[in-house]
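2 protein chains.
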Amino acid sequence: MAARGAAQNKGPATAQAHQSHNHRECIDDALTRAREICAARDVQLTPLREKVLQIVWRSHKPVGAYDVLDELARSHKSARPPTVYRALDFLMGEGLIHKIESLNAYLGCTEAGAPHSGQFLICRQCGATEEIVDPKLEAALDQAAKRVHFSAEHKVVEISGLCARCAA
Amino acid sequence: MAARGAAQNKGPATAQAHQSHNHRECIDDALTRAREICAARDVQLTPLREKVLQIVWRSHKPVGAYDVLDELARSHKSARPPTVYRALDFLMGEGLIHKIESLNAYLGCTEAGAPHSGQFLICRQCGATEEIVDPKLEAALDQAAKRVHFSAEHKVVEISGLCARCAA
DNA sequence: ACACGGGCTGTTATCTTGTAACATTGCGCC
DNA sequence: GGCGCAATGTTACAAGATAACAGCCCGTGT
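Chains U and B, in that order, are what the protein sequence lines are. Just so we're aligned: 72 in my numbering is position 72 of the first sequence, and the numbers increase by one with no gaps anywhere. Just so we're aligned: 229 in my numbering is position 61 of the second sequence, and the numbers increase by one with no gaps anywhere.
See the structure below:
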């Protein structure tokens, strides 16, 4: 794995995941949405938690907890691992971010609000990771579990390979 | 997580995963199959690697690398983390075991021989983990990737919840 | 016989990821 | 004012994984 503080993958830190886009808008939208959701649920999106959410949203690449920590520490000297993990746990609990299990890293959720497990396409080249919502895939997962009378609670679906840009 | 050396989940160490079965046969079958596969590919299933495979197969529960190490060390005093990880890497490379990403643990492959990513049902109660092969699910995954022109290489599918026995 | 080379294992040290446990702060409420 | 709770601070450590180099064994070519 990359050294602490270094980007996990090549490409600009402002990572333009799918195609060029105004990533500032992505972040703003995500933060606005998060504030709305937390207000509606009457849970506290504290400045610390919001800052962590912002850091996770810096790119469309999953970011490691210790990378978040390094970044957070720039503005928040008392930051320690538990600081970050608590914030990440909160954000996951509210469905605002996802953990990418195969990378031990975290990614902003593009479908925040509705509780869901998430399905991901992870480019091994550029690191960009896209969350997809595919009802057929969802149905196939449910069917597979049902077939053996397994009561599904959480589903991890992470497909790694090459994104359209990198394959070209 | 459980202390090193302790079982990750309750239940007997001889873990009878799905229903009661003669687990000795499972192990024997897996080892025999592994020997055949390695012989056919002209790669070396050394005593060390075979021992690690055997340990992973002790139950139908995913086993952590350090649990493997503890067990291995009983008969192999020089065992160290690299010893275990090298063996696990070899076994994964040959498709004889899988890594369960959401648990950072390893599980014997019941479909050894054909290269595949594996799809798993993980019981959070008893820990028993079943590998399933579901062509429809496989197709749904491929479709989902194809839809956005993503070139899939490795697929992680891990569904956690309650197995039929534990749900009852 | 012997040098070489590759594959496997030994060995030490370290890095990365994640938690336990207890202390402190701030704020609403009675 | 004191209580209780949620959030954060702080110290220490557990758990998972790898880097880097050393040594061994065995087959091959000369």
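Built from N, CA and C at the ideal position, the CB exists for glycine as well. In this text, all values refer to a predicted model and were calculated from it rather than measured experimentally.
| Query | Result |
| --- | --- |
| At the 9 Å Cβ level, is Pro-12 of chain U part of the contact set with chain B, yes or no? | Confidence is the limiting factor: at Pro-12 of chain U the pLDDT is only 44, short of 50, which leaves the residue's position unreliable, though a coordinate-based value still follows. For Pro-12 of chain U, the answer is no, since every Cβ of chain B falls outside 9 Å of its Cβ. |
| With burial defined as no fewer than 16 other Cβ atoms inside 10 Å of the residue's Cβ, what is the status of Arg-217 of chain B: buried or exposed? | buried |
| Per DSSP, which one or two residues make a beta bridge with His-266 of chain B? | B:Leu-275 |
| Taking 9 Å as the cut-off, decide whether the C-beta atoms of Glu-299 of chain B and His-266 of chain B are in contact. | yes |
| So Ala-312 of chain B and Leu-137 of chain U are supposed to be a Cβ contact under 8 Å. How far apart are they, rounded? | 5 Å |
| Taking three-plus beta-carbon pairs below 8 Å as touching, is the stretch 289-296 of chain B in contact with the stretch 252-264 of chain B? | no |
| Return the first residue and the last residue of the beta strand (DSSP E) that His-23 of chain U is part of. | From DSSP, His-23 of chain U is part of no beta strand (DSSP E) but of the alpha helix (DSSP H) over 23-41. |
| Assign His-228 of chain B to one of two classes, buried (16 or more other C-beta atoms within 10 Å of its C-beta) or exposed (fewer than that). | buried |
| When the Cα of Gly-236 of chain B is compared with those of B:Cys-194, B:Tyr-274, B:Leu-259, which residue comes out closest? | Position check: residue 236 of chain B holds Val in this sequence, whereas Gly was assumed. The shortest Cα separation from Val-236 of chain B among B:Cys-194, B:Tyr-274, B:Leu-259 belongs to B:Tyr-274. |
| According to the neighbour-count rule (16 or more other Cβ atoms, all chains shown, within 10 Å of its Cβ), is Phe-318 of chain B buried or exposed? | buried |
| Report buried or exposed for Val-133 of chain U, applying the criterion of at least 16 other Cβ atoms within 10 angstroms of its Cβ. | exposed |
| Ala-320 of chain B and Ile-159 of chain U - do their beta-carbons sit closer together than 9 Å? | yes |
| Per DSSP, what kind of secondary structure is Lys-229 of chain B in: helix, strand or coil? | coil |
| Any idea what DSSP makes of Leu-213 of chain B, helix, strand or coil? | coil |
| Please list the residues of the stretch 313-328 of chain B that have a C-beta atom closer than 9 Å to any C-beta atom in chain U, keeping them in chain order. | Ala-313, Arg-315, Val-316, His-317, Phe-318, Ser-319, Ala-320, Glu-321, His-322, Lys-323, Val-324, Val-325, Glu-326, Ile-327, Ser-328 |
| In chain U, which residues lie with their C-beta within 8 Å of the C-beta of Lys-304 of chain B? | Ala-140, Gln-143, Ala-144 |
| Looking only at DSSP bridge pairs, what is Val-325 of chain B linked to? | U:Val-157, B:Gln-287 |
| Would Leu-45 of chain U pass as an interface residue toward chain B - the criterion being a Cβ-Cβ separation below 9 Å? | no |
| Residues in its own chain within less than 8 Å of Phe-288 of chain B by CB, not counting five upstream and five downstream? | His-266, Ile-268, Leu-275, Thr-297, Glu-298, Glu-299, Ile-300, Val-325, Glu-326, Ile-327 |
| Quick one: list the residues of chain U neighbouring Cys-277 of chain B, beta-carbon separation under 7 Å, in chain order. | Under the 7 Å cutoff, chain U gives no residues; its nearest Cβ is about 17 Å from Cys-277 of chain B. |
| Starting from Gln-311 of chain B and walking both ways along the alpha helix (DSSP H), at which residues does that stretch end? | 303-315 |
| Kindly indicate which three-state DSSP category Ser-75 of chain U falls into: helix, strand or coil? | helix |
| At 9 Å on the CB atoms, spell out the chain U contacts of Ile-205 of chain B, in chain order. | Going along chain U, no residue has its Cβ under 9 Å from Ile-205 of chain B, so there is no contact; the nearest lies around 25 Å. |
| Using only CA atoms, which one of B:Glu-262, B:Val-316, B:Ile-290, B:Arg-242 lies nearest to Pro-230 of chain B? | B:Ile-290 |
| Answer yes or no: does any C-beta atom of chain B fall closer than 9 Å to that of Ser-59 of chain U? | no |
| Just verifying my parser: in three-state terms, what is the DSSP assignment at Ala-280 of chain B? | coil |
| With DSSP collapsed to three states, give me the class of Ala-296 of chain B. | coil |
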